[in-house]
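Data block below; observations after.
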Amino acid sequence: MVFARDPLRQAMLASIYGLVLGLLFFAWQAPDVALSQTVVGAVALPLMILLALAKMRGGEE
Amino acid sequence: MSDRVRMGVFAVTGVGLLAFLLWGLAGLPDFGTYRGPYGDILNRIAVPERSATDVVTAVNFDYRAFDTLGEEFILFAAVVGVTSILRAMRGERTRAPDDEAAGRRVPETSLAVRVIGLGLGPPTLLIGIYIVAHGHQTPGGGFQGGVILATALLLTYLSADYATMRRVGPTWLSELAEGMGAAGFALVGVAGLVAGGAFFENFLGKGTPGELLSAGTILASNFAVGLAVTGGFALMLSEFLQQTLTRRRGRGRRPRARRT
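As you go down the protein sequences, you meet chains A and B in turn. No gaps in the numbering here: position 42 of the first sequence is 40 in the numbering used here, and each next residue is one more. Quick note: to get the numbering used here, add 1163 to the position in the second sequence (first position is 1).
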């Protein structure tokens, strides 16, 4: 993530990290936390970043 | 600060951080050992006492429901903050969002996205409702289910357009769900205070473990939080999209004529 300079790529990577962390939680028998992590880390957070990015790029034009 | 000095500072602090990290890791308890008494006690009493087979939810919405109330209002405050910031900016313009304007100019959505969004929408809705409703039995609960439900709304946007999303989940409905859910959760706590003598006392009938209608107030709290989280995320989503679409102009082709 440090090496990805494009915010769009960073958002995608954050999503993948969120998903992997969710799978790790699941593998270590914490399904409740796994669900929270998956929905927030892999879906909600990157989504907010993407929307904010779209907003900023829209403003530049 | 020159590059040399910067690297020097990084080297010193990096080594220090690594040392502290290793020191901390060495002191961790072995994998699978648990030292505190509360987890074992809760594992023993949660099912007979509260009829909740998912002990995590029993802790979240009953034993430590006060903490969850705080978290719920953190989310509430965040949504209110985001919404008020975005709305103040919207007032500066008079143009309607592209998707709602008469002569529409919208970037076209690919057919693959539309079809996948259409196919995923209903199952997502169902999974969301299931996770909210079975929070006291299986992993999940109001929060996780609520976010999933809001994602279903996003799929409406992806597979159709912004105007359709607004028809399915209008702002007033999201606001209502957010407010009613948060207030409902707090009221469950107050009802416990009135009926049972303590804030968030589980005063309703507990039922049989494993049945849908069981675990007393845990079920009610789950639904309230599910409502609040769905409303909150849906509201944030539509405000963000509104902003994005309002500012985006002059890009994309005119959409094909829509058959109604």
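Ideal Cβ positions, reconstructed from N, Cα and C, are used throughout, including at glycine. From a predicted model like this one, the values you see are computed outputs, not experimental measurements.
_Terminal residues of the alpha helix (DSSP H) in which B/D1203 lies_ = Counting from 1 along the second sequence, the entry for residue 1203 of chain B is found at position 40. It spans P1200 to R1213 - the alpha helix (DSSP H) in which B/D1203 sits, taken as one unbroken run.
_Environment of B/T1319 [buried if 16+ CB atoms lie within 10 Å]_ = Here residue 1319 of chain B refers to the residue found at position 156 when the second sequence is read from its first residue. Buried: at least 16 other Cβ atoms inside 10 Å.
*First and last residue of the alpha helix (DSSP H) that includes B/V1178?*
Position 15 of the second sequence, counted from the first residue, corresponds to residue 1178 of chain B. According to the DSSP assignment, B/V1178 belongs to the alpha helix (DSSP H) that extends over D1166 to A1189.
_Start-to-end residues for the alpha helix (DSSP H) that takes in B/L1339_ = On the second sequence, residue 1339 of chain B is found 176 positions in, with the first residue counted as 1. Note, B/L1339: alpha helix (DSSP H), T1334 to G1359.
_For a contact defined as C-beta to C-beta under 7 Å, what are the partners of B/V1388 on chain A?_
One-based indexing of the second sequence puts residue 1388 of chain B at position 225. What B/V1388 touches in chain A: nothing, since even the nearest Cβ is about 12 Å away.
*Could you tell me which chain B residues have their CB closer than 8 Å to the CB of A/L33, listed as they occur along the chain?*
As a working mapping, residue 33 of chain A is identified with position 35 in the first sequence. Here the neighbours are I1294, P1302, G1303 and Q1307.
*Reduced DSSP category for A/L8 - H, G, I as helix; E, B as strand; rest coil*: In the first sequence, residue 8 of chain A corresponds to position 10, counting from 1. The question names Leu, but residue 8 of chain A is Gln in the sequence shown. Three-state DSSP puts A/Q8 in a helix.
*Neighbour flag for A/P44 against chain B, beta carbons, 8 Å*: Indexing the first sequence from 1 puts residue 44 of chain A at position 46. It does not; no Cβ of chain B falls within 8 Å.
*Measure the alpha-carbon distance for B/A1358 versus B/L1281 and round it to whole angstroms.*
Taking the second sequence and counting its residues from 1, the one referred to as residue 1358 of chain B is at position 195. Taking the second sequence and counting its residues from 1, the one referred to as residue 1281 of chain B is at position 118. Answer to the nearest angstrom: the Cα atoms are 46 Å apart.
*asked:* Is there a Cβ of chain B sitting closer than 8 Å to that of A/P29, yes or no?
replied: For this step, residue 29 of chain A is matched to residue 31 along the first sequence. Interface flag for A/P29 against chain B is set, since a Cβ pair is found closer than 8 Å.
*Got a sec: which bits of the region 1310 to 1334 of chain B sit with their beta carbon under 9 Å from any beta carbon on chain A, in order along the chain?*
V1310, I1311, A1313, T1314 and L1317
_Tell me whether the region 1382 to 1399 of chain B and the region 1294 to 1313 of chain B touch, counting them as touching only if at least three CB pairs, one residue from each stretch, are closer than 8 Å._
Touching, yes, given that three or more Cβ pairs across the two stretches are closer than 8 Å.
*Check whether the Cβ atoms of A/P29 and B/P1333 lie closer than 8 Å to each other.*
Along the first sequence, read from residue 1 onward, the residue named residue 29 of chain A stands at position 31. Along the second sequence, read from residue 1 onward, the residue named residue 1333 of chain B stands at position 170. No.
*asked:* Can you confirm whether A/V18, when its beta carbon is compared against all beta carbons of chain B, has any partner nearer than 8 Å?
replied: The sequence position of residue 18 of chain A within the first sequence is 20, counting from 1. False, the Cβ-Cβ gap to chain B never drops below 8 Å.
_Cβ pair B/V1295, B/N1365 closer than 8 Å_ = Counted from its first residue, the second sequence places residue 1295 of chain B at position 132. Counted from its first residue, the second sequence places residue 1365 of chain B at position 202. In this structure, B/N1365 does not lie closer than 8 Å to B/V1295 by Cβ.
*asked:* Counting only C-beta atoms, is A/L21 closer than 8 Å to chain B at any point?
replied: Residue 21 of chain A sits at position 23 when you count from the first residue of the first sequence. No, A/L21 lies away from the interface with chain B (no Cβ there is under 8 Å from its Cβ).
*So B/G1298 packs on B/T1220, CB below 8 Å; how close in whole Å?*
Position 135 of the second sequence holds residue 1298 of chain B. Position 57 of the second sequence holds residue 1220 of chain B. Between B/T1220 and B/G1298 the Cβ distance is about 5 Å, and since that is below 8 Å, they are a contact.
*Own chain, CB closer than 7 Å to B/M1343, minus 5 neighbours either side, in chain order*: Position 180 of the second sequence, counted from the first residue, corresponds to residue 1343 of chain B. Taken in chain order, the residues that qualify are L1390.
*Buried or exposed by the 16-neighbour rule on C-beta atoms within 10 Å, applied to B/S1380*: Position 217 of the second sequence, counting from 1, holds the residue named residue 1380 of chain B. As written in the sequence, residue 1380 of chain B is Thr, which differs from the Ser given in the question. With 16 or more Cβ atoms within 10 Å of its Cβ, B/T1380 is classed as buried.
*Using a C-beta to C-beta distance shorter than 8 Å, which residues of chain A count as neighbours of B/L1396?*
Mapped onto the second sequence, residue 1396 of chain B falls at position 233. Note on residue identity: the sequence assigns Phe, not Leu, to residue 1396 of chain B. By Cβ distance, chain A contributes A42.
*Exposed or buried, what is B/S1273 when buried is set at 16 or more other beta-carbons lying within 10 Å of its beta-carbon?*
The sequence position of residue 1273 of chain B within the second sequence is 110, counting from 1. Result: exposed.
_Beta-carbon neighbours of B/F1404, restricted to chain A and to distances below 8 Å_ = For the purposes of this step, residue 1404 of chain B is identified with residue 241 of the second sequence, where counting begins at 1. It is worth fixing the name first, because residue 1404 of chain B is Leu in this sequence and not Phe. In chain order: L49.
*Determine the DSSP secondary structure at B/D1230, reduced to helix, strand or coil.*
The residue labelled residue 1230 of chain B in the question sits at position 67 within the second sequence. Residue state, collapsed to three classes: helix.
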